[in-house]
Amino acid sequence: MSIPATQYGFVYTKASGLTLNKNIPVQQPGIGQLLLKIDAVGLCHSDLHVIYEGLDCGDNYVMGHEIAGTVADVGPEVDDWSVGDRVAAVGPNGCGNCSFCRGDAENVCKRAFGDWFGLGNDGGYQQYLIVQRPRNLVKIPDNVPSGIAAASTDAVLTPYHAIKMAKLTPASKVLIVGAGGLGANAVQIAKTFGAHVTVLDKKDKARAEALKFGADAALESLPAHTEAGSFDVCFDFVSVQATFDICQKYCQPRGIIVPVGLGAPKLTIDVADLDLREIKILGSFWGTTTDLEEVFELVSKGIVKPNVRSAKLEELPVYLEKLKKNEYEGRMVFHP
Numbered sequence: 534m535s536i537p538a539t540q541y542g543f544v545y546t547k548a549s550g551l552t553l554n555k556n557i558p559v560q561q562p563g564i565g566q567l568l569l570k571i572d573a574v575g576l577c578h579s580d581l582h583v584i585y586e587g588l589d590c591g592d593n594y595v596m597g598h599e600i601a602g603t604v605a606d607v608g609p610e611v612d613d614w615s616v617g618d619r620v621a622a623v624g625p626n627g628c629g630n631c632s633f634c635r636g637d638a639e640n641v642c643k644r645a646f647g648d649w650f651g652l653g654n655d656g657g658y659q660q661y662l663i664v665q666r667p668r669n670l671v672k673i674p675d676n677v678p679s680g681i682a683a684a685s686t687d688a689v690l691t692p693y694h695a696i697k698m699a700k701l702t703p704a705s706k707v708l709i710v711g712a713g714g715l716g717a718n719a720v721q722i723a724k725t726f727g728a729h730v731t732v733l734d735k736k737d738k739a740r741a742e743a744l745k746f747g748a749d750a751a752l753e754s755l756p757a758h759t760e761a762g763s764f765d766v767c768f769d770f771v772s773v774q775a776t777f778d779i780c781q782k783y784c785q786p787r788g789i790i791v792p793v794g795l796g797a798p799k800l801t802i803d804v805a806d807l808d809l810r811e812i813k814i815l816g817s818f819w820g821t822t823t824d825l826e827e828v829f830e831l832v833s834k835g836i837v838k839p840n841v842r843s844a845k846l847e848e849l850p851v852y853l854e855k856l857k858k859n860e861y862e863g864r865m866v867f868h869p
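Residue numbers (the numbering used here): 534 to 869.
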């Protein structure tokens, strides 16, 4: 594989935002590192929070945290991967040594905070990426295209981890608020657990998509006669005050609310109601290497089918604007 000396990519700085750099050096991997040729990288709504809304994940790095690629070169002491392997990156990029990483909870590794792929640390909005901790890579199944794999590292992994943490059963009655990129995948995942799924979304197309993916009901709003406390688990893929209030009202006693979305930086909780009915609010962040392996198994078998569209990486600024205006459905992935 011929590796160039320089490449192009999109670098984020707090001073200038996201800018195209056509002269980024392609580094050689050092001890324990590998060089990844980026085959596909996904655009996430979290990127908007960083670029336009002040979410602080560091300064001066290449963005892009949904990464799939091919190993282009390996440094000394890399034994698990070989040139030509197709792999995807687990975004939280855990250190591998702390108790969280050793306990299969690398997604909450305290040492990796601000060192996530594409969010504080260099990511996939470029042609080549040095991977400093190859332990945070997962093999892509042969029948899963790179674009699907890249989108799955967040748009499928995030709802999968949240649903797995909530421990759904076939008896679970689930409310999913927001059936966009993550919510649509959440419907498919929740149905694999056998749960009864009700979806709320204001868009006709999103509701139709949710029904296609197996939702038992897809509504613009809950009927007036719906009893408070009707759902065992409420997943909020929007997470603004109005959607969280719906979840708290309709979550049953000792039920679970999982605010997965990042629509508002802060939410107000009715503590008296929370205590009276012993409702749990469960934080959920991204996912682990084990989760991503399980996600790829579902995707490989066709059980979960993420809605993915492709474009050239040079078109990233165009689609950032489209994402801001909600002008497309599903997930965009780019090919450098």
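Even glycine gets a Cβ: it sits at the ideal position worked out from N, Cα and C. None of these values were measured; they are calculated from a predicted model.
* C-alpha gap between F777 and V766, whole angstroms -> One C-alpha to the other measures close to 12 Å.
* Asked: Do the stretch 817-837 and the stretch 662-673 make contact, defined as three or more Cβ pairs closer than 8 Å?
  -> Result yes; three or more Cβ-Cβ pairs closer than 8 Å.
* **Candidates V607, S632, L752, of which the one nearest G565 by Cα** => Closest option to G565, judged by alpha-carbon separation, among V607, S632, L752: V607.
* **Under the three-state DSSP convention, the category L846 falls into** => Under the three-state reduction of DSSP, L846 is assigned to helix.
* To do: Jot down the residue ranges of each uninterrupted beta strand (DSSP E) in the stretch 820-864, minimum 3 residues, whole runs only, in chain order.
  => Within the stretch 820-864, the complete beta strand (DSSP E) runs of at least 3 residues are 841-845.
* **CA-to-CA distance, G587 to S549, given in whole angstroms** => If I take the Cα positions, the gap works out to 12 Å.
* Asked: Does the separation of the CB atoms of C634 and L708 fall below 9 Å?
  -> Taking 9 Å as the Cβ cut-off, C634 and L708 do not qualify as a contacting pair.
* **Nearest-angstrom Cα separation, counted from V611 out to L567** => If you take the alpha carbons of L567 and V611, they lie about 7 Å apart.
* Asked: How should G788 be labelled, buried or exposed, when 16 other C-beta atoms within 10 angstroms of its C-beta is the threshold for buried?
  -> G788 counts as buried, since no fewer than 16 other beta carbons sit within 10 angstroms of its beta carbon.
* Asked: From which residue to which residue does the beta strand (DSSP E) around D769 run?
  -> Per DSSP, the continuous beta strand (DSSP E) segment holding D769 begins and ends at 764-769.
* Asked: In whole angstroms, what separates the C-alpha of I536 from that of I600?
  -> C-alpha separation (whole angstroms): 19 Å.
* Considering only C-alpha positions, which residue in the set I696, K845, D637 is nearest to T821? -> The candidate whose alpha carbon is nearest that of T821 is D637.
* Asked: Between which two residues does the beta strand (DSSP E) carrying E599 extend?
  -> DSSP places E599 in the uninterrupted beta strand (DSSP E) bounded by 599-607.
* Whole-number beta carbon distance between L856 and L652, since they are thought to touch under 8 Å -> With a Cβ gap of about 16 Å, L652 and L856 do not count as contacting.
* Looking at D687 and H598, is the spacing between their C-beta atoms short of 9 Å? -> Yes, they are a contact pair.
* To do: Below 8 Å on the Cβ atoms is my guess for A750 versus V720; work out the distance and round it to an integer in Å.
  => Wrong, their Cβ atoms sit about 11 Å apart, outside the cutoff.
* **Limits of the unbroken beta strand (DSSP E) element including K672** => From DSSP, the beta strand (DSSP E) with K672 extends over 670-672.
* **Classification of P703 by the beta-carbon crowding that lies within 10 angstroms, buried from 16 upward** => Exposed is the call here.
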